[in-house]
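Note that the protein sequences, when read in sequence, are chains E and X.
Quick note on our numbering: the first sequence kicks off at 20 and runs consecutively.
Quick note on our numbering: the second sequence kicks off at 20 and runs consecutively.
2 protein chains.
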Amino acid sequence: MRKNFGAKPWLYPQPVFIIGSYDENGNPNAMNAAWGGIADANKIFICLAPHKTTDNILARKAFTVSMGTAETVVPCDYVGIVSGNDEPRKMEKAGFTTVKSEFVDAPVICELPMTLECRLLSYDTENDWLFGEVVNISAEESVLGDDGNIDLTKLRPIIFDGIHCAYHVIGEKVGDAFSDGAKLQ
Amino acid sequence: MRKNFGAKPWLYPQPVFIIGSYDENGNPNAMNAAWGGIADANKIFICLAPHKTTDNILARKAFTVSMGTAETVVPCDYVGIVSGNDEPRKMEKAGFTTVKSEFVDAPVICELPMTLECRLLSYDTENDWLFGEVVNISAEESVLGDDGNIDLTKLRPIIFDGIHCAYHVIGEKVGDAFSDGAKLQ
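Structure follows, in structure tokens:
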């Protein structure tokens, strides 16, 4: 028996994207967004309503997207609660420091170990649909495994549970993609 | 020190969307997609290349999106490996049975406990960008908690790790959204 919930913005998993941008004076800002995903081999989609970050991205044509992590859940939640328009010391209060991306005109947040560096492709003001080109992905060496790739158990990325307003860490491996399903062939 | 990986289709978490659709003869099909997310309070975005499912959705103007789960990881992987064009018994081999959605012209897969029932809004053939209206979300009573809402520990939704081609279950709660960040205010 199924229960109907009507039209809701629910699915699992929702990401915890921490979007980095510069304002017109070169000050870095960050915000938290849960609506988006991959849009091609080198593209990202975000549903991004008007915010200071949105203004920044439209002006600078660039942004970064870092993964929220279990270790940084408090500042990641904070940058989603407080607007840079209201709190000029937002980044400092979050404990976030930044360096400019080598690839785009946007800040890389040093405390977030995995970051997509993106150029703005388009923004649909009617629907708030933003598409960006992923120019580079960078990751701190501290979250790399022995194979040189990003290691989930070191990065500890989080997901947003929109039904219960909670953050969960990604847990244990339960299967191999392009492999376990072959058992049924 | 950061390592640069160039432009890659990587982020955490990626979803495991199992897309249900009917073909021109009313036969149900399912496929696995990891590129997409929420696109508004009642909209979903999926980057969906040409597939049998894509043809079905364009013809029927409807589809369902169910969450892959830890218990169904083998059939969820299988429907991402095998095309309904090549294997007419695909749903049977997956062990998936279906009923027609009460709300849209698309199949609900009985073995997947949480499903978004969607109408096609638009499909951009140049970029493979599909937008759908979420008309209803339904969930099996077996995955509901005492509060009548979907319970993550019962649903056990999975994420796709595109770097290591693996599926992971969503793990333990690590924070409260719109709350933990307030400590920094």
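Each residue gets a CB set at the ideal place from its N, CA and C atoms; glycine is no exception.
No experiment lies behind these values; they were computed from the predicted model shown.
CA-to-CA, the gap between V162(E) and A201(E) works out to about 31 Å. Fully enclosed alpha helix (DSSP H) runs of no fewer than 4 residues occupy 71–79, 92–100 of the segment 25–107 of chain X, in order along the chain. Proximity of N44(X) to chain E, defined by a Cβ-Cβ separation below 8 Å, is not satisfied. DSSP links K22(X) through a beta bridge to A158(E). Look at G181(E) here: in three-state DSSP terms it is coil, with no helix or strand label. Under DSSP, F150(E) shares a beta bridge with F64(E), S141(E). By the beta-carbon neighbour count (other beta carbons within 10 angstroms, threshold 16), F197(X) is exposed.
Measuring C-alpha to C-alpha distances from R175(X) to each of C184(X), S141(X), K192(X) identifies K192(X) as the nearest.
Only R175, P176, I177, I178, F179, D180, G181, I182, H183, C184, A185, Y186 from the segment 175–186 of chain X bring a Cβ to less than 9 Å from some Cβ of chain E. I65(E) places its beta carbon 8 Å or farther from that of I169(X). Residues of chain E whose Cβ lies closer than 9 Å to the Cβ of A81(X) do not exist; the shortest such Cβ separation is about 14 Å. F36(X) has its alpha-carbon roughly 32 Å from the corresponding atom of D74(E). Against chain E, the beta carbon of S102(X) has no neighbour under 9 Å; the closest one sits roughly 12 Å away. As the crow flies, the alpha-carbon of D147(X) is around 42 Å from that of Q204(X).
Take the alpha-carbon of T91(E) and the one of V127(E): they are about 15 Å apart. DSSP, reduced to helix, strand and coil, places G200(X) within a helical segment of the structure shown. Residue pairing of P126(E) in beta bridges, as defined by DSSP: K119(E).
Against chain X, a Cβ distance below 7 Å from G55(E) picks out G56. Chain X has no Cβ within less than 8 Å of the Cβ of E130(E). Closest in C-alpha terms to G103(X), from the list I178(X), I38(X), G190(X), A58(X), comes I38(X). Taking a C-beta distance under 8 Å as the contact criterion, P34(E) and L30(X) qualify as a contact pair.
Sequence-distant partners of G56(X) (beyond 5 residues in either direction) whose C-beta falls short of 8 Å from its own C-beta, in its chain, are P34, I63, F64.
Counting along the chain, no alpha helix (DSSP H) covers L163(X), and no H or E run does either.
Below the 9 Å Cβ cutoff, chain E contributes R21, K22, N23, F24 as neighbours of S157(X), in chain order.
Here DSSP, grouped into helix, strand and coil, assigns L135(X) to strand. V118(E) and C129(E) have their alpha carbons spaced roughly 7 Å apart. E121(X) and A49(X) have their C-alpha atoms spaced approximately 18 Å apart.
Per DSSP, the beta bridge partners of K192(E) are H187(X). Here P32(X) is actually not in contact with P28(E); their C-beta atoms are around 16 Å apart, not less than 8 Å.
The residue from T83(E), D195(E), G194(E) with its alpha-carbon nearest to that of P132(E) is T83(E). Under a criterion of Cβ atoms nearer than 7 Å, the residues of chain E adjacent to V188(X) are, in order, G190, E191, V193. Looking at G151(E), I156(E), G167(E), the one whose alpha-carbon comes closest to that of I76(E) is G151(E). Shortest Cα-Cα distance from F115(X) to any of C184(X), N155(X), V123(X), P94(X) involves P94(X). Not one beta carbon of chain E lies nearer than 8 Å to the beta carbon of I37(X). Its Cα nearest to that of Y142(E), the residue A68(E) stands out among G45(E), A60(E), A68(E), K173(E).
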